Each structure stands twice: as structure tokens, then as C-alpha cells.
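Peer 1:
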Amino acid sequence: TDTPAPRISVIGTGYLGATHAAAMAEMGFEVIGVDTDPAKVAALAIGEVPFFEPGLPELLRKHVSTGRLRFTTDLAEATALSDVHFICVGTPQQRGSNAANTSYVEAATVEVVRNLTHDGLIVGKSTVPVGTAGRLRVAVQSNLPSGIHAELIWNPEFLREGKAVADTLTPDRIVIGGTSAASEAIMREVYAVPIATGTPVIVCDLPTAELVKVSANAFLATKISFINAIAEVCEAAGANVTVLADALGHDIRIGRQFLNAGLGFGGGCLPKDIRALMHRSGELGAHSAVSLMQQVDEINMAQRQRVIDLTLEALGGSVLNRRIGILGAAFKPDTDDVRDSPALNVAAALHLRGAQVIVFDPEAGTTAKKIFPTLGYADSTDEAVTNADVVLVLTEWPEFVSADPVRLLGLAQGASVIDARNCIDRAAWEQAGWTVRSLGRSAQP
Ligand code: UGA
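Numbers in the UniProt record's numbering are just positions in the sequence shown, counted from 1, shifted up by 6.
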């Protein structure tokens, strides 16, 4: 075609926005990223990613250096230079409520609309309670400058932290909701690269698009809480939940992924998304979803208490002044994100009970320190384990999984390890002389 390619703006440059902006540049578009945080913009503008995400710094630098990808704090500059505006701001859990806070999405959308100098397409990517986009549509129309036309559609994002670049460049599916023929054509152009390699496109209405995203995360969370419920049965019955999960996973209707029993889910998405779904379903009178999500959340939070109980047990009933070596602070490996991290949550709870907690995480130490400055931090696995009365493996980083149990036993004071992610080679650790406890396997080997 001879129509010029759409130019793209990305509003919000957190995990989602920064990755999306770089991926759009990689797909060949001119991209401008906007954020209200000048420090973040300054870093991104010179190709520095203000968080840990494998592969993203390389991609960012590649396109910042050619000028195809730029960053600004000036929304008016961005809207003037682009045609398709992706809204990628956060929807955190509200204080004192299960509901998601959609005020950043609302403000960003209205601001984009007010700054439009030519017709545009506004694409919501943030995870929102179903019905939000419909409300935003009204706000879009009532804030348009005169003579300007804009459409709002929804295009949820399914990227995982730690695998954000690959998930964005080669997504499992592309969902676009609420499009007209014209906006669908633009979206097919924007995603021409993944569509050409066979990525399925689902075109649907606005509420379906919003709800696909929320249900995907709710299903993943349910899978984790399901296996954690079964893990409790395994432990009581002397069965092995890891072997069980492997066996279940061979049934392709079930699948092996997200059946790792242990400390449960955390992060900026799954916990707040199931709570937001709980809240929104209640508003809509859909009570089955409310009670299901309540159970998923309760089972998940109980896993943290379970690890605290096992720690107390290993130390004979009290953690007071005992030294606890904690391996892991991030909510999962390959990220420095500690939002709602089960690992850090357990560390903080043990600290509150008077334990001397020493945390080591290969990437998340700095972010953890900002939130819990009073915990002890180590610079290596060895340092965290040295003189520990008990060792807790709370995030399954490869370097913890492959650590040498013989060397670690020589450093520790005690010989107890709690494997809260079922990730270490239990037989090897036991052979080295450790007493290993894990969630979903009985105390006796
Ligand atoms: C999640 C979804 O997986 C993404 O598809 C989605 O786009 C994203 O939320 C989002 O809404 O933005 P993420 O938060 O990066 O991605 O983390 P996950 O990889 O889903 O892991 C979530 C938690 O579940 C972690 O704490 C992990 O340790 C835990 N988990 C995962 C388990 O406890 N067991 C498992 O078997 C798998």
C-alpha cells in the first residue's frame, strides 16, 4: 500500500510499555514512549532499562541508537508525532479494597485525547475490570478537540516478566476488541510481523477482550492453587507432588506448566487480577467467580504461612534470634520484581518474629532493600548460608538449584533446608547430610 505506516506512541513505560515500545520498533515502526517519570524517561532515552528484564536492554539500545525509538515526558509531543496510541499504564490494587485502581488508565486516555492534533486510534493494553473500556469510550468522545476523530479499542497483553521480549515479539495470540473495519485493518498492520508467522488473531467485542486477559490470569492462578491443594494431600498421604504433577502434565488437556507446587504466586499481576475479578464479579452478581477466586487467593496465601510453620518446626518452635538464610526475594526467577513477592513476604514475617534474616537474591536485592530496609542482605548464596540455623529456598533461581549442598553444609550452622519451590535435588541434599522439608512431600524421604 502507499499509505504511510502508522506511527506509534506508548503511554506508560513500565515492564509492559517499555517492552511494547521496543518490540514495535523491532517490528519496523517509528515509536515514541511517554512517561511522567523524568528519571525513567532519561534512562530509557539513552538505552538503559530501569529494571531487570533479559534481552530488553539490547533491543532498546538497538532502536534508540537509530532514533526509531524515542522517549519523552511530553505527551503533546508524542501525540503530535503518532497515530496509534497504546495505553500501557498500571492498574494496581486499591488500598483497602480488592478492586483495581483504573484512575491512571482513565487519566492517561483522557490526556491523550485532549492532546490529539489529528485523528487517532487509542488502544488499551492495561489489564482492566470488564466494563472499563466501555466507560472510557464515553470519556474519549466527550474530550475530543473539535474536528478530531478518535476510536478506542482494547488489545490486552499477555507477556510474562522475565520472558517479556519473546512474549511480545512472538505472542501466543493477539486479541483485539471493539474494532471497526478501519481500526481492525490498522491493528492487522501493526501486528503484521507476528500475524505473518501464524499468530492467531481473535477479533471480539470490548468486554470479551477485557475479560480474556483477566480470565487467563485467573486460570493460571487457579492451576497453581489447585496443585498446592493437592500438595497438602500428598504431604499428608506420603505422596510426591512433583512426580504427580509430571504424570498429570502428560495429559495434554491438563499440561505440565503452572503445576509447580510450593510457595505460590505473587508479582504485580496474578494476585491483584484475581482480587479485581472477585470484586468486579461481585458487582455484576456473578457469585461463582467470587467464591472460586476467594478460594484460589486463600490457598495461595496459606502457602506462605505453611513455610513459616515449617521454619518454626525446624527450629524447635521459635525463630527468636535464630539466623535464617533466605535464598530468593523476587516473586519468581529472572526478574528483580518484588511486588507481592511470597519470598520477601515470608522473610519479613520471620524478621517480625525476631529472627535474624539474611536474604540473598541474584537480581532483586536492591529492589527488596527499598521496601524492607531492616532485613539483613547478603551478596552471595554462600554469605546467606554462612552460620545459618536453617536455610529457606524461596525463589527457584538456577544458581540456587545448582548450588553444591556439600559446600553449603560446611558453611551453615544447622543442617535444615526448606525447599519452598520443590526445586533442589532432594536426594543429593539429603546425601550431603541436610534434612530437607518441602511442600507436597512428606518429611521422610
Ligand atoms: C503473569 C502471566 O503469566 C502473564 O501471561 C501476564 O501477561 C502477566 O501476569 C500480566 O498480567 O501482566 P507474571 O506476573 O510475569 O505473568 O508471572 P508468572 O510467570 O505468571 O508467575 C506468577 C507467579 O506464579 C510467580 O510468583 C510464580 O512463582 C508462581 N508460579 C508459577 C507458581 O507458584 N507455580 C507455577 O507452577 C508457576
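C-beta: ideal position from N, C-alpha, C; glycine also. Keep in mind the model is a prediction, meaning the values are calculated, not measured.
What are the residues that DSSP puts in a beta bridge with Phe-366?
Peer 2: Leu-333, per the DSSP bridge assignment.
Peer 1: Suppose the cutoff is 7 Å on Cβ atoms and the five residues either side in sequence are ignored; what does the same chain contact list for Pro-177 look like?
Peer 2: Phe-164, Pro-200, Thr-205.
Peer 1: Quick one: give me the first and last residue of the alpha helix (DSSP H) that residue 462 is part of.
Peer 2: As shown, the chain starts at 7 and ends at 451. That puts residue 462 outside it, with no answer to give.
Peer 1: Rounded to the nearest angstrom, what separates Ala-335 and Pro-368 at their Cα positions?
Peer 2: Ala-335 and Pro-368: Cα-Cα distance of roughly 9 Å.
Peer 1: With the cut-off set at 7 Å, would you say Leu-81 and Asn-121 are in Cβ contact?
Peer 2: Yes, Cβ-Cβ distance for Leu-81 and Asn-121 is below 7 Å.
Peer 1: Is His-69 helix, strand or coil by DSSP?
Peer 2: Helix, per DSSP.
Peer 1: Considering just the uninterrupted stretch of the beta strand (DSSP E) at Arg-59, what are its terminal residues?
Peer 2: Correcting the residue type first, residue 59 is Glu in the shown sequence and not Arg. That residue, Glu-59, is in no beta strand (DSSP E); it is neither H nor E in DSSP.
Peer 1: Could you tell me if the beta carbon of Phe-378 falls within a distance shorter than 6 Å of some heavy atom in the ligand UGA?
Peer 2: For the ligand UGA, not one heavy atom lies less than 6 Å from the Cβ of Phe-378.
Peer 1: Between Leu-254 and the rest of its own chain, which residues show a CB-CB distance below 8 Å, the 5 nearest in sequence each way excluded?
Peer 2: Cβ within range, chain order: Ile-260, Arg-262, Leu-265.
Peer 1: Is any non-hydrogen atom of the ligand UGA found closer than 6 Å to the C-beta of Glu-319, if you look at the structure I gave you?
Peer 2: False, no ligand heavy atom lies under 6 Å from that Cβ.
Peer 1: Should Asp-125 be labelled buried (16 or more other beta-carbon atoms within 10 Å of its own) or exposed?
Peer 2: Asp-125 should be labelled exposed.
Peer 1: Decide if Pro-44 is buried, meaning its Cβ has at least 16 other Cβ atoms within 10 Å, or exposed.
Peer 2: The residue is exposed, with fewer than 16 neighbouring Cβ atoms inside 10 Å.
Peer 1: As an exercise, report each continuous alpha helix (DSSP H) stretch of at least 4 residues that is fully enclosed by the segment 212 to 279, in chain order.
Peer 2: Runs of the alpha helix (DSSP H) inside the segment 212 to 279: 212 to 243, 247 to 255.
Peer 1: Say the cut is 6 Å; is the CB of Ile-230 nearer than that to a heavy atom of the ligand UGA?
Peer 2: Ile-230 Cβ: within cutoff of the ligand UGA.
Peer 1: Taking the alpha-carbon positions, what's the Lys-229 to Met-284 distance?
Peer 2: C-alpha separation (whole angstroms): 17 Å.
Peer 1: So within the segment 374 to 398, which uninterrupted beta strand (DSSP E) runs reach at least 3 residues, ignoring any that extend past its ends?
Peer 2: You should have found no qualifying run.
Peer 1: So is the beta-carbon of Phe-57 under 6 Å away from any non-hydrogen atom of the ligand MG?
Peer 2: Among the ligands modelled here, namely the ligand UGA, the ligand MG does not occur.
Peer 1: DSSP on Thr-317, reduced to helix/strand/coil?
Peer 2: Thr-317 falls in the helix class under three-state DSSP.
Peer 1: Among Thr-174, Val-47, Pro-10, Glu-195, which has the Cα closest to the Cα of Leu-62?
Peer 2: With distances taken between Cα atoms, Leu-62 lies closest to Thr-174.
Peer 1: Please tell me whether Phe-92 and Asp-342 are closer than 7 Å, where the distance is taken between their beta carbons.
Peer 2: Their beta carbons are not under 7 Å apart, which means Phe-92 does not touch Asp-342 by this criterion.
Peer 1: For the alpha helix (DSSP H) that contains Ile-154, what are its first and last residues?
Peer 2: Ile-154 -> no alpha helix (DSSP H), and no H or E assigned at all.
Peer 1: Cβ atoms of Gly-140 and Leu-212: under 7 Å apart, would you say?
Peer 2: It is a contact, given that the beta carbons lie within the stated cut-off.
Peer 1: CB Ile-128 to CB Ala-156, shorter than 7 Å?
Peer 2: Yes, the Cβ-Cβ distance between Ile-128 and Ala-156 is below 7 Å.
Peer 1: Check whether the Cβ atoms of Asp-425 and Ser-448 sit closer than 7 Å, and answer yes or no.
Peer 2: No; because the gap between Cβ atoms is not below 7 Å, this pair is not in contact.
Peer 1: Check His-124 in the structure and name its three-state DSSP category.
Peer 2: Three-state DSSP puts His-124 in coil, outside helix and strand.
Peer 1: Give the single residue among Asn-327, Arg-74, Gly-272 whose Cα lies nearest to the Cα of Gly-39.
Peer 2: Ranking Asn-327, Arg-74, Gly-272 by Cα distance to Gly-39 puts Arg-74 first.
Peer 1: Can you tell me which of Ala-433, Phe-406, Ala-394, Val-220 puts its alpha carbon nearest to the alpha carbon of residue 2?
Peer 2: In this structure the chain extends from 7 to 451, so residue 2 is not present and cannot be described.
Peer 1: Could you check what DSSP says for Phe-92 in three-state terms: helix, strand or coil?
Peer 2: Strand, per DSSP.
Peer 1: Count the other CB atoms within 10 Å of the CB of Ile-233; is the residue buried (16 or more) or exposed (fewer)?
Peer 2: So Ile-233 counts as buried.
Peer 1: Identify whether Thr-85 lies in helix, strand or coil by the three-state DSSP scheme.
Peer 2: Thr-85 falls in the helix class under three-state DSSP.
Peer 1: Just verifying my parser: in three-state terms, what is the DSSP assignment at Thr-205?
Peer 2: Correct three-state label for Thr-205: coil.
Peer 1: Can you name, in chain order, every residue of its own chain whose Cβ lies under 6 Å from the Cβ of Gly-168, other than the five neighbours on each side?
Peer 2: Only Asp-340, Thr-341 meet the Cβ criterion.
Peer 1: Indicate, with yes or no, if the ligand UGA has a heavy atom lying under 6 Å from the CB of Gly-273.
Peer 2: Checking the Cβ of Gly-273 against the ligand UGA gives yes.
Peer 1: Taking DSSP as the reference, what is the three-state secondary structure of Leu-283?
Peer 2: Leu-283 falls in the helix class under three-state DSSP.
Peer 1: According to DSSP, Asp-294 sits in a beta bridge with which residue or residues?
Peer 2: Reading the sequence as shown, one finds Ser at residue 294 and not Asp. In the DSSP output, where bridge partners are listed per residue, Ser-294 has none listed.
Peer 1: Which class does Arg-13 belong to by DSSP, given the choice of helix, strand or coil?
Peer 2: Reduced to three states, the DSSP call for Arg-13 is coil.
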